[in-house]
Structures are given as C-alpha cells and as structure tokens.
Amino acid sequence: MIKLVALIPLFPLLGFLINGFFGKKISKGLSGAIASIAVLASFVVALLIFFELEHSELKSHTVNLFSWINSDTLKIPFEFLVDPLSSWFLLIITGIGFLIHIYSIGYMHNDEGFARFFTYLNLFVFFMLLLVLGNNYLIMFVGWEGVGLCSYLLIGFWFKNTAYNNAAKKAFIMNRIGDLGFLLGIILIFVTFGSISYGEVFSMASNGNEGTVTAIALLLFIGAMGKSAQLPLYTWLPDAMAGPTPVSALIHAATMVTAGIYMIVRSNVFYSMSEEASQVVAVIGVATALFAATIGLFQNDIKKVLAYSTVSQLGLMFLGLGVHAYSSSVFHVTTHAFFKALLFLGAGSVIHAMGGEQDMRKMGGLRKALPVTFATMAIGTIAISGIPPFSGFFSKDEILAHTYEHSPTLWFFGQVASMLTAFYMFRLLYLTFYRKFRGTHEQEHHLHESPKTMTIPLIVLAILSIAGGLLGLPEFWGAPNWMHHHLDSIIKIKDPSVLNHTKEWTLMAIAVLAAVATIIFAYMVYIKNQILPEANDEKLKGIRKLVYNKYYVDEIYDAIIRKPLDVLSTFFYKFMDLEVVDGIVKGVGSGVTGLSSIIRKAQTGHIGLYIFSMVVGIILILFYSFIK
Amino acid sequence: MLNGIPINYYIMLSAVLFIIGVVGVMARRNAIIIFMCIELMLNAVNLLLVAFSTLHNDPSGQVFVFFIMAVAAAEVAVGLAILAMVYRNFKSIDIDLLSRLKN
Amino acid sequence: MLGLTTTQWLFGILSFLAIMFALMVVFTRNPVNSVLYLVLTFFCIAGHYILLNAQFLAVVHIVVYAGAIMVLFLFIIMLMNLNADSEPRKHIVTRIIAGVIGGVLLFVMVGALKGAEQLQLVQGGASQIGLVKNLGNVLFHEFLFPFEVASVLLLAALVGAIMIGKRDTNINEKETINN
Amino acid sequence: MKGLFIISGLGILAMLAEIFKFKKILYPLVLVGILAAYACNFMEWNNNLNIPMFNNMIRFDNVALAFSGVILAVAFFWFILANDYFEHDHITDHFALVLFALVGALMLTSFSNMTTLFLGIEILSIPMYVLAASRKRDLASNEAGFKYLIMGSFASGFLLFGIALIYGATGSFDLMEIRSYISQANGSLPTFFYAGVLMLLVAMCFKVSAAPFHFWAPDVYEGSPTVITALMSTIVKTAAFAAFMHLFLVVFGKVSESWSMVLAIIIALSLVVSNITAASQQSVKRMLAYSSISHAAFMLMAILANNRGFASINAILYYSLAYSIGSITSFTVLYNVSKQDGNTSIEAFNGLGKRNPFLAGCMVVSMLSLAGIPVTAGFFAKYFVFTLLIGTSFKWLIVLAILTSAVGVYYYFKVIIAMYFKPAKEEQKFVVETSHILLLALTTVFTIALGIVPKYIIEIFG
Amino acid sequence: MLVGLLIIVPLIASLLVFFTKGKASRNLALGLSVVEFILSLVVLLQYKHNPGNSNLMLNCTWVESLGIHFAVGIDALSLLLVLLTTFLIPLIILSSFNTTYDKPNSFYGLILFMQMALIGVFTANDGFLFYIFWELALIPIYFICLVWGGEDRGRITFKFFVYTLLGSLFMLVGLIYLYNHTGFDTGMKSWAIADLYQAGKALNLSQQSFVFWCIFLAFGIKMPIFPLHTWQPDTYVNAPTQGTMLLSGIMLKMGTFGLIKWLLPIAPLALEKWGGVAIGLSVFGIVYASCIAIVQKDYKRLIAYSSIAHVGLIAAGILSANQQGIQGGVMQMLAHGVNVVGLFLIADILMRHTGTRNIDKLGGIRSMNGNFAVLFLIVLLGSVALPLTNGFVGEFLLINGVYQYGAWVAAFAGLTVILGAVYMLRSYQSIMLGERRDSAIAFGSLVSTDKLVLYIICIAIVAFGVYPKPLNDLAEEGTKLIMMNLK
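Residue numbers (the working numbering), protein chains in the order written: chain A, 28 to 655; chain B, 13 to 115; chain C, -1 to 177; chain D, 32 to 493; chain E, 2 to 488.
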C-alpha cells in the first residue's frame, strides 16, 4: 500500500483536472461530488497507509517517482517519504479537507464560480499533500509555493472586488518574502551537506558546524514566518479572510498555515542542534501569540477575531517548537485543526444565515435560530480556551509545561496569551449567540439553520474537538502520550529535561483557573452589564484605538516598505534610467553632432586657409621629426 | 670653374626660394600671383636638382629638370585656361571669392 | 678679396638678387611688376645654372620660362587688365601670419636639411654633364619612356586647355545644375 | 604593359575621333579597348619576362598588374555609369581626358622611378583638374576645378622638393637603387634624406586626401559633376594608394621608424575629422567625400602596419577594390536619384524604398559595405586591416577606428533610414535605364560575392 | 551534413518567401519553419543516438590562408538553443497571422533569414564564423524594426543598431587579438574555437582582461546588462510584436550563450579578477530593472524591463562559473525564451482587442474571457518561476550557483523572487481582475491562432516544469563540457 502513496496526491490532481477542464460543462452537484470524492479517496488511502505504517517495523519508506533536477552533484529526485510525521499530516489534510469540501458544497451552492472553487480547492489539497509527502526540501518547496498560489487564487476568488485582490496579492508577496529565506536555506543545506534529501542531510547534520546550522535553521524559519504568519510577516493572514469562509477554515486555519510547523518539526535536528535558533523561534512565537491575542480583543468582524486567534495559536505552536516540544506542537496543530476549523465553519454558517453579515455588533441571540451551529461553536470555544477535558486543554498545556522547563518567563507570556484567547473567544460567543438580535429585520426574518451538508461537518469536528485530547494524554497521568510515541522516530535529538509531577500539576491548575477566571470576566462584561463594542470606530480613544487598528502595523509597513519602494522605483526610472544612463548615451550622440557642426566650420571654403593648414601640418611634422 | 661652394649653400638657397614661394601662395589673393609663386617653388626645386646633379656628377638630375619644365608648362597652360574661365564667370580671380563650396 | 673666389662672389651676388627679386614678386602690389620681378628671378637662377655647369639647361630655362611661360602670364594679366588698384589684398594680419609661418618653416627646414655639411661640389671644367650631347644621350636612352609619356601629358594639357577655352556650341542647361 | 599602350592609344584615337568622324562608335570602341587592356593584363600575369623595362622606368610585376586590373575593372564600370554623361558636345575631349587620366593611373601602379612617379601623378592630375571644371557654366564646377588645380600644383611642389632631396642623398631616381642604397647605408643617411621622405609622405597624403591635407577633397568632390566625383573617389584614389604603397612599403619600408609615427597621427586625425564632419552633412555627395577620407585612413593603416611579405599589399588591394565597387554603386544610385529632382541632398532619397525598390536595395548593400557590415566586401576590408594592425604597437588606432566607424554607421544609415522611413515628396516611381540596372546588379552581386569568397583576392599573391 | 542543412534550409526558405506574394508568403514561411523544426528534432534524435555523429559536424575551409573555416557543429548546448530557435520561430510566425503587414514577403523572408543567422551563431565552432553570423542576425532584425516598427522607429532602431554594432566590433577586436596569439606552436594561425581557447589560456592576466572586456561588452549589450541596456526598452516597445519576440525570445540568448561558450573558457584568469564586477553589474541590474518594472504603465515596456531583470540573473549565474550556475543559465534561457514570447503575444492580444497597453486603462478582462485569464496566469507563473513551471528549475539552479559565488550576492539576486511577484501580480491584477473597464467591453474570445500559440506555450511551460529531465540532461552534459574547459 505504501508503494501506492502517489495515489494520495493523484486523486485531488485528477479532481482538479476534471473540474478545471469540464467544470463549466458539468452540473454543480457533480463537480462538487467529484472534488469531495477525490479527497475522500486520498483520505482512505492515507488511512490505510497510516495503519500499515503503524504495524510495520520500518518507520520511514521512500517512494521514488522520477528524477527531477540533476546538476552534477546536486541530485533532486521526485520522491515521496512516508513516515509517522507525514502520514499523520496526510490524515489531517485529507480528513479535514474532506469535511470542508462537503461543507463547501452547501456553502457555495449559489455561487457562479462553484466549479472554479472546487478546482482551486483540489489543487490546494494536491500541493499541500506534495508539501508533506516530499522526501527532500525542494519537493516541500514545490508544495510550499503551490499552496501559496492556491491561497492567492482563493483569497481573490471573488476577483471583481479590488480589496480582495489586494489581500490576495499581499498574501502571495509576503509568502514570497518568506520563501526567499526558505530557498536560500535549502541552497545553504545543499552547499553544506551536498544533498537536500532529508535522510542524507539529517544523518550528516551532526558534522555540520554550529554557525552554519544556525544559519540554516534561521533561514528555514524565515520561510516558516511567512507561511505560518508569525511576526513580522503575519499581516497577510487577517486580510486573507477576504476569501470564502471554507477557505479560511481549510487553508488559513487547519492546514496551510501549519506548514511552517511541519517544516520545523521535519528539520528538528537543526533546531535541536542550535540553541540560538530555537530561542529566536520561541521568542518570536510567544511574541506573536501575545501580540495577535491583544489585537483579537477588540475586533468586531467575526472572521477577523478567528484569524487573529489563529495567528496567536500558531505563535503558541512555535513557542513549543522553540522549546523542542516538537510532538506537542504537532499535537496542538492537530487539535487546533479540529476546533479552529470548527469555529470557522461555524462562523461561516452564521454568516450564511446572516446573509453575508460579518460584524458581530449586528448579531446576537442567534442560539435559538441556529442551535446546531451554536452548540458546535460553543464546544469549539471551550476547546480553544483550554478547559479540560476538551482537546485544546491538553495540547496547550503540554506546550506550556515544556516552556516552563526552559524559561518561566516565556511560560508566563504564553499563559497570558491563552488567557486573552479565552477572553476574546467567549466575547465572540456571547456577542454572537446571546442577548437579543441587533441586525435588521429582513435579516432576522431570514435567519435559518444551515443545510445538512454544512451542519454534519460541524458535528463531526465538534466530536473531534472534544475527543482530540485522547491523542496526547499527559504522561504523568500514567496515560500513554500516543502522539509522543508516534513521532518518536522522527525526533532525532531527544529533549532530556523532565518535570516533576507536582510542578506539572500546579501549572495545569494555574492554567485552568486562569481560563475559568477570564471566562467569568467575559461573562461579567458582556452578559451581566451588557457592554457593547463601540458602534463607530472613530470614537475609540488611546490604547483601545491603537489596538483596534491593529497597532497600525499595516500603515507602518506601508510607510517603511511600500512607499520607499515606489519612491526608489520612480527614482530609478525617471532619474537613473531616463536621465543618467540613457542621458549619457543621448549625450554622446548629440555631442558628436555638435562637435561635427563645429569641425565643419573649419571647412571655410577659402583656399588660403587650406594652404595654411597644409603648411602648418608640414611644419609640425618636420618639427616633430627633426627639432628634438 | 674655380674652387667650390658647399652644397649646403645651394640647399639653403633653394629652400629659401621655395619658402618665399610658399609664403607668396599664402599671402596673396590674386590667383595669377599664386600661380607665379608656385612656379617659383618649382624653380627652387629645379635649382636644387641641378646642384645635386653637379654634386653627384650625374646628368639625370638635369634631365629631370626638363620634365619638371614640361609639366610646369602644361600646368600653366591648363591653369591659365581655367583661370580665364573662372574670370569669365566670376569677373574676378580673387581666390577668397571662390568659397561657395564649404562646410 | 675677402678670401672669396670669383665663383663665390658670383654665387653670393646671384643668390642675393634671386632672393630679393623673389621677395619683390611676393610683395609688390602690381601684378605686372611681380611678373617682371619673377622674370628677373629666373634670370638669376639661370645664372646659377651656368655656375653649376648646366649651360644648356640655363638656355632652355630662359627660353621656356622667361620666353614662354611668363609671356603667357603677362598675356593673361593684360587680358584681365589687372593692376595695382584692382589688386585684392589679404588682411594685414593674415599677411603677417603668413610671414611668421614662412619664418618658422624656414627654421624647421634649416633643422631638417642638415647632413650635407661635408659634401663639396665637384668643381673644374672636367664636368661635361651639362652639355647638350651628354644630356641628349641620357634623355633618349635612360629616360626614353618618360620622354614619350611626357608627350601624353602635353597632349592631355592641350586637350584640356582647348576644352576649357573653347566656347560650347550648344549648352544643354540641365548640366549647369550641380549634380 | 600593353594595357598602358592600348589605353594611351585609345586616348589618342578619341582625340582624333572628332576629326575623322567616328564619334558614334567611340563609346563601344573604348569599352572594347578597356576589355582588351584587361585581357593583356591577364596574359602578363605571372610571366616576369617583361620586367623591368625601359631601364627600369616601370615594372609590371604582379602587384602592379593586380592594381591595374582593379583600375581597369573600375574604369569599365565607370564608363557604363557615365554613358549619358558623354551625350553632349566635344564628347571626344572628355573621352580623351579620362583615358589619359587612366594612363596616369596605370603608371602609378607600375612606376619604378621618381620620374615616372612624377609624370604619372601629373598625367593623372591635369586631366582631373580639367574634368572637375568641365561644367563651364556651373560656378561650383569652376570653383572645384580651380581649387583642385591650385592645391594640386602646390602639393606637387612639395613632392618635387622631396624627390630632389632624396636624389641629393642617394644620387639616383631609380627606386631599386634608392632601396639598395638605403639598405647599404643602414642608418648613416643624411638628415635631409628623411626630410625628403617626409615631404613625399605629405605630398602622397595630399593625393589620398588624408587630414590635415584633405581640405580640398570635400569641396572638389561636391563641386565636380557626379560622375567625375565617382571617378576621383575610385580610380584616382586606387592609383594614389598603389603609388603610396609602392613608395612606403617597397622603397622606404626599411626606414619606417622615421615616418610611421607621423603617419599614425595623420590616420588618427583623418579618422576623427572625416567621420565626425560627415555626421552632419546634408548632401549625400559631400558625405561620400568625407567617407572617402575615412576609408583612406583605413587603407593607410594597412600601410602603417608595414607588413613584410604581401599581407599589407593584399589588404590594400582588397580594400581599394571593395571601396571602389561600393562607391561606384552608391554614386550610380546617387546619380539616378539626383537626376530626378536635381539635388544630391539626403531628402532626395526619402521614400526611395517605395519609389524604386531596386535602387534602394543596391544602395543599402553599398552602404552596408561602406559601413563594414558582414558579409559585404567592406567588412572583410576592415577586418584585414585590423588583423594587420593588432600585431603592431598601434592597437590604439583600432579602438579609435571602431569608435569612429560607429559614427560612420550613423551617416551611412541616415541614408537607409531616409529611404525606408521618411515619406517621399512625390510617390511616383521612376525608371532607371537598363545599362545602369545591369551595372548596379553587377556591382551589388560583386560586393556580396567579395564578402563571401574573399580568398581569390586575398590569396592572389600566394 | 545535417547541421549544414539546419543552416541552409532557413536561408533557402527566406529566398523562396521573398518571391511570394500576400498570404502565400506567410503560409509558406510557417510551413518551412515547421519543416526546420522537424529537421531539428531529427538532429536531436541523431544526437541522442550518437553524440559523435559525423552528421552533426561540418568543417570546410573558407579562407585557408587566414585559418578561417566554415566550421559548425552540434553539441549539447547548441542543440538546446537550436531547438529553442526552431521551436519559437513557427510560433512567432503563427502569432503574426492576425496582423497584416505590408510587403509580407520581405517581412517573413527576413524572419527566416534571421533564423538562419541565429542557428549559425549557436552552432559556429569557428570564431570568425561566429562573428559573421552574429552580425548577420543583426541586419534582418534592424530592418524588421525599421520598416514595420512603431512611431519614432528611425531614431530608436538606429540607437539599437549602433549600440549593438559597437559592442560586436569590440568583440571582433578581442577575437582578432586571440587569433593573433594562436598557432605559436604550429605557426599557422587559426580561428578554430579550440585554438582560441588555448590561446586565451596562454595569455597573461592583463591581456586576458583586455580580451575579457572587449568580448563582454558585446554580450553585455546584447543581453543587456545594467548600464548597457538603454537601447532595449525603447526597441522592444517600438518593434513590431514579432520583432520583439525575436529580440527577446532568441536574440537575447545569443549574449548569454556567448558568455558560456565564447567567454568563460577563453579568459579564466580575467574571470577571476573581473568576474566580481560583471556579476555585480548583473545583480544590480536585476533589482534595478525589477524596480523600474514596478512603475511601468505600458505593459510591453514592463515586460521589457522584467526581461532585463531575468537576464541579469542568468548572466550572474553563468559568470559565477560553476556547474549549477551555468546549467541554470541554460535552463533559464530556454524557459525565458518561451515565457517572454508568450508575454509579448499577450501584450499584442491586449493591444489588438482593447487598443491600449496602458495597464491603468485596462481591467476586468477576466470577467470577459476566463479562458484567456487562465492562459495568461500560467505564462505569468512561468515567468515568476513558480515551482512546476519551466521557470523554476533554471531559477533555483541559478540562485544556487550565485550562492556558491557569494551568499549575500545570492540573497540580493534572490530579491527577484519577490519583486518579480510584485510587478507581475500587480500588472495581472490591474489588467485582468477588478471591475470591467470600458476598454475591455470589446474583449471577445481569442482568435484561433492566438489560442493555439498560447496553448502550446502553456503546455511547454507546465510540461518542462514538471518533467525538465530531457532538456536538463542536455544542459547538464553541455555544462560539464564547459566546466572541463574552465579547469
């Protein structure tokens, strides 16, 4: 079965091709079905492979398709790697991907770009699978850029809207910035180790010197920053909410944005070897977590809130990576995939019901109208806030515990971030589903629960969000941490430090209490004294205004990057190119003609002058030759 | 005849005559005078040739002078014809007037 | 006297006169006069020829130049009745410059024409080369070909002079435009 | 040798034609005669029995024959070009003069004695003076003839002075003797000998119109009737170069250190002045005059390289052939164009690409050749010069040559641009007489053929 | 012999076309160019079958006494570029079917003549022959631009001509200088490339530097490298579309190809000393041109500048003189050739359908013709070197090669990855996306020929991005050869 791993990306590719070429001809239902079945098929295959791998002794299998790029010593085969890590990610991608496909059938049913949407979605799945399946960094890079392209296409899916197009372009370009780092990292790997295939590189990694390894680690991390929306390259992700909600769920919450984590876990050797790099990762991670969480506090757009929470969750995961808690991060990736997808889809269902309205200030009291959505979303919210025994609690706690081992300071900030998360998530829940409806009348009239195609995925995800914790029950409960064992084989350098149980218990307690406290606080604010966010943004003052406007980061980037670039370009074009470089050329031309019109004056037509010149010439010649 | 004169004297003499001719060509505007100055230059050369032929005791120098004379005659014939024609058209033989062709 | 031989006296005087007259040719205003001065110059040069034992050449020289060419000049000048006041004059500056340049030219020539100091003219009536017989021999043996070709030259000059001089019977005006 | 006689005979015949009333057949007669002379040249090729002759007054060795071959060929082309030029009164005189000029030219290829050199130059020049002035009513023509005459005779003054000095130093007019004398004297020559050499250099530079002795050329070229200009820029130039080459490669080659630097400076000056001045010319005729100066500079480079053996001679031969053919073509086109609306300015060429594509095409080829673009003859000509010069210490001249020839491209292409890009004043096509079409076709093909198979010329002397 | 045929066929073709009239000439031209393409495929097979095949070598003396031979031959590199040429020419001709030029016979004749010269350049094994073909390629394109170009073509084409001619003349001097140093052992000077290599290596540093700069000037102008580029945008904009395609798609490759085959092996010492300067210029050119492209309004001009940027990277990679750099250069030449032709065709289509190339006046075309939008997008992705498009392989290898020369240089050069995305997406967005502008109203479905060409190009882009092996193996092989000569 493992030999047939190529089938996994093949199915979505086929789906893409069919929908791409015949999408317009066939009916909506059919194209939706084709797309979903394609993903389902690869999910099945992935599942089979997963279990086969579970039972096989050999934990990593490579499947060679064809040799792709050869240049002397640089040999890059098009080769797949099946090992615990990739197989796990395969499951997440195809599984959640399938659910979201189903959901989309309902969500997009009356969009004229229906077929196109599924084309893109399949293409995305294909590239994402490529990303995790590749057996060398370049294949990963292929998937990496591919998913970037798909997110570009899907963010700008409604291409008539300029704002959406700008968001798409921003996403692509910011990713490209990261990708350049990634590319250079790959090249440095090749230059250092003479290969970019995982196996060979990791086996040789130990004899690479400290500095180089750090450089590699940091370059790769730049790539991760772009893809996984870490400071300072995160600003594209909130804008990316321009895309249809299923896209936000699949790409910008569950899968693509976690590619960065996948990459770092994949190359954990480098990070375990280089403490500096790890620290950078950890600090950036926690900073992002905190920063995004604060912004999340005051957002009124339901999807924006979720977006910032995603950024902050990703920050937490990087924090985990920074402290070498690789399996914990993967664990959190998984649980996060469950409940964040759930939350987005729920939000989608809300928006669907509200007829496209995304502003929470115009919602409220929807729990009667949308019972299923409400229930599932509540579960998601609890999960993300880290209330046991929901999945989020275990994964987050594991990361924070490991963080504490390395540095209590980081742990503290991480803890604060998760408190904030709990706050704004419940704020979202309260503002959306509780109290009375604040929208217009016809909206109220149209309120309705979403169709089955949309609710079923919600329910499934809700179950997963509840039960997800079983994947990684803490060791000190005596329970087996399945995730930890599963990924054991790919973690090259183990983290020796262990915490004593009492400490772990205390941490866990603190976390839970903090979460509960914030939830109660949120309840006080939004239910008891019925506070509403400021209706119009201009009235905001001081710190709140600053936070509400996302610390003006976009404006700052505008000021320090885009504007200077434009100025520079205009300078290059208008001055350097047209005036200086071309000017010199023109100058030579006109110089010649000018000189010419001067010299020709010498030809006065007077014989006298001609004779003079001749005689002078002779004199000079004789002088030169004889009077020395 | 009697005792010698250094050849240098002759060289200098003809050089001086030649240069006077050149100066004449430069300093005058009347085409005819210019012509005469050119004749003067030629004669300077003739003198030099004769001097050398005596020096080398070799007649060919003097024979060459004949050819120069022939050529001079021919040149003058043609030259004066052209001058006459120019005079017919321009009503003058002032060389500075003949400067239609320039630049 | 002054330790100079007759020849040297003659040479000196003749050279002086030749240069004098040559200068007059250049600097007299009236064309007719300069023609006459030129004739005088030629006579001096003829004198030099005789000094150099080139008697025949001297005679020919007088005949050709003074006798033929200069007459031609005079003829033309009369034809155009040029005289002192009709004579165009270059600007004084130009003439000064011309003089200066002449001086410089002389200077460099003096520099250039070195190398003959030790050479003395072979003297004495022994030299027969200047005589007609001798020259004739050389001319009609060694220089036969140039002599013949010279005839072509003279023919060409002849034809040219005629063509220029002769009035056109029919002028097709097309050719007068400059192409 | 016989060629020389045939041509002079033709000249005399032409003179008599008026009297004996065979004007009509004169033109074909001349063409046949030239072909006959050409045939004689061929026969004399490689049989060295007939050199030297007339006690070494002239020697028709292979080099001489090759150059006379070029001159005769070009002369033949020229007569075809000039056929209707003779269609007015005293045609016979023109014929005679041109033929006599040809005699002079042939002498310049074969002279072997200062006497013949001097006579050759004069026989070539005097008819040219007359021909330049041959438009008696046309003031420009008058002026041209007059200027040419004054400057020419002034230059021959220096020529003679140089000859006299050299005679004084070596005691002979015979080039072979002078040469052997130089090689015996090895260095112990009197100073005034070198002065003589330099004066000869000056005089020759005047004849080939190299700066600063070039001033006469543009005026004379512009003033003379177009066909005469063609004659000057082809035959007269070729002959002058044959003479120049013979003097300074064969005879004074050994004392090159005394003149090479001077020549180099003269070349540099000519390159700059000619090309830059040509850039702003409005009259194509005058532009071609300046271009001829720059080509002269190129040929002088070959002499400057002063290559023992035949390389330099080959280069000059090839160059003069290429250049002559090229300018015959361009002058033929110019002649036909200017016949339309009577001026030789560049505007006259506007829209020629539409009005007469054939003429335009030929002009393009000739311009490319003159500009030295592959695979035309002109390119190879320049290429040979470069290959010669790069071995010497005058590499800087090559760089200069390249820079200036870029300017050259500018003015050659002005014509092309005018023909294909500028709109014509009047669109109507015009016809060219068959003889000219044939001539153009011939020369154009020749130009390209020379470029594709240069070996037959370049390997001519083995 | 076969290689001789490769050169003769287009020549004959051009002559034949000259004597046709109207539509016939373009159809004939298309047919013959296709024949040539098939011929080149035959050559490919021959080569695959036996690289040393005598059919692939031709060497007959031209001017014996000067050591000039008509020596042409197929090796891996030249084969690739010949294939590129023969592949693109039919497309270029096909792309012209919706524009009617007057005097079509001369137009297509010139194109075919140029094909002959280009193939000659790529196959020449004799320095002199190389130069001849080099110049021959210049003349037809000059006339194409002069006769069929846009406004003000007189001045611009002239600038272009003089610029390139000046460069190539210096190259001639450099080559002659080498030629002059050949044959000290045999005593017989020769233009054969092997002898030139030998002579070049024998020179000392200063001599090599002289040769290096002389030759580099020519190639730098042709490509063009940063300070020598000002002829290029004007010419591209003014030339007729087919002329631009020829210039950017194929002719530009003469320069890069020349760098590989006629510069690197000749002056290794000089390369060590001056390579840094040259690479610096190229790399600066990348950022410089990309930035300028960002602020361009005329789409054709934008492509022109983007092409400068791409070529800068190619040159930098080649000059870094290592396996990856050179091989990447070769791959990128092929990719860029195809992509840029596609882009210029798109510019032409825009011009024809909307009457403007100003990207501010365009917009919303996607909603008129989604099909075109997709094709456009694919070509665009190819030129921003997205993985699995042909552009990526080359770009990866190039940056890799430059990195081995200097990490920071590579980082700077890598900015093209970002800036390229910036100007390409920006232009794509404002041309295709957003609300429909008035200019797009008339935008119907594409003409069949345009569609055909675009499809072929897109297929090539994807196919050789996913499976570059066939080309890549040749490139690798050819590069190894060069690397051996560099030792």
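We treat Cβ as the ideally placed atom computed from N, Cα and C, and that holds for glycine.
Everything numeric in this text was worked out from a predicted model, so none of it was measured.
Spanning the alpha carbons of A/Y225 and A/A380 requires a straight line of approximately 47 Å. Excluding sequence positions up to five before and after E/A240, its CB lies within less than 6 Å of the CB of C146, G150, all in the same chain and listed in chain order.
By the rule that beta-carbons nearer than 8 Å mark a contact, D/D250 touches chain A. Not a single CB atom of chain C sits nearer than 8 Å to the CB of A/V619. D/I488 and D/Y349 do touch by the CB rule: their CB atoms are close to 5 Å apart, below 8 Å. Proximity of chain E to D/Y451 at the Cβ level (cut-off 8 Å) is accounted for by F144, L147, V148, in chain order. A straight-line Cα-Cα distance of about 35 Å links A/G212 and A/W185. Here B/M81 is near C/V58, since their CB atoms are less than 8 Å apart. Taking 4 residues as the minimum length, the alpha helix (DSSP H) runs contained wholly in the region 142 to 205 of chain D are 145 to 163, 170 to 201, in order along the chain. At least one C-beta of chain C is nearer than 8 Å to the C-beta of D/M88. Between A/L427 and A/Y130 a beta carbon distance of about 32 Å is seen, past the 8 Å cut, so the two are scored as non-contacting.
E/L17 has its alpha-carbon roughly 54 Å from the corresponding atom of A/V152. Straight across, the Cα-Cα distance linking D/N345 with D/L419 is about 11 Å. By the neighbour-count criterion, in which 16 or more other beta carbons inside 10 Å mark a residue as buried, A/K423 falls on the buried side.
Residues of chain C whose Cβ lies closer than 7 Å to the Cβ of A/F653 are, in chain order, V106, G109, A110. Shown here, A/P104 sits in a strand according to DSSP, grouped into three states. Restricting attention to beta strand (DSSP E) runs no shorter than 3 residues, the region 213 to 240 of chain D encloses none. For E/F227, the closest Cβ of chain D is not nearer than 8 Å. A distance below 7 Å between beta-carbons, with the five flanking residues on each side excluded, links A/F199 to the following residues of its chain, in chain order: G175, Y179. By the C-beta density criterion, A/I611 is exposed, having fewer than 16 other C-beta atoms within 10 angstroms. About 6 Å separates the Cβ atoms of A/V357 and A/M510, confirming a contact at the 8 Å cut-off. Taking 8 Å as the cut-off, the Cβ atoms of E/T242 and E/S96 count as close. Within its own chain, the residues whose Cβ lies closer than 7 Å to the Cβ of D/I359, once the five positions on either side in sequence are excluded, are V105, F108, W109, L112, A261, T265, T474, listed in chain order.
Every alpha helix (DSSP H) stretch that sits fully inside the region 516 to 594 of chain A and reaches 4 residues is listed by chain position as 528 to 550, 569 to 575, 580 to 584. Between the C-alpha atoms of B/G16 and B/L25 there is a straight-line separation of about 16 Å. Below the 8 Å Cβ cutoff, chain B contributes M38, R41, I107, D108 as neighbours of A/G635, in chain order. By alpha-carbon distance to A/E471, the top candidate from A/E432, A/A396, A/T408 is A/A396. Annotated as proximal: A/V332 and A/Y451, with beta-carbon spacing under 8 Å. Among the residues of chain E, those whose CB is under 7 Å from the CB of A/S596 are C292, I293, I295, V296, following chain order. Annotation for E/F413: V284 place their beta carbon closer than 6 Å to its own, counting only its chain and skipping 5 residues before and after.
Distance between B/I107 and C/I95, taken at the CA atoms: about 18 Å. D/Y451 and E/I140 have their C-alpha atoms some 14 Å from each other.
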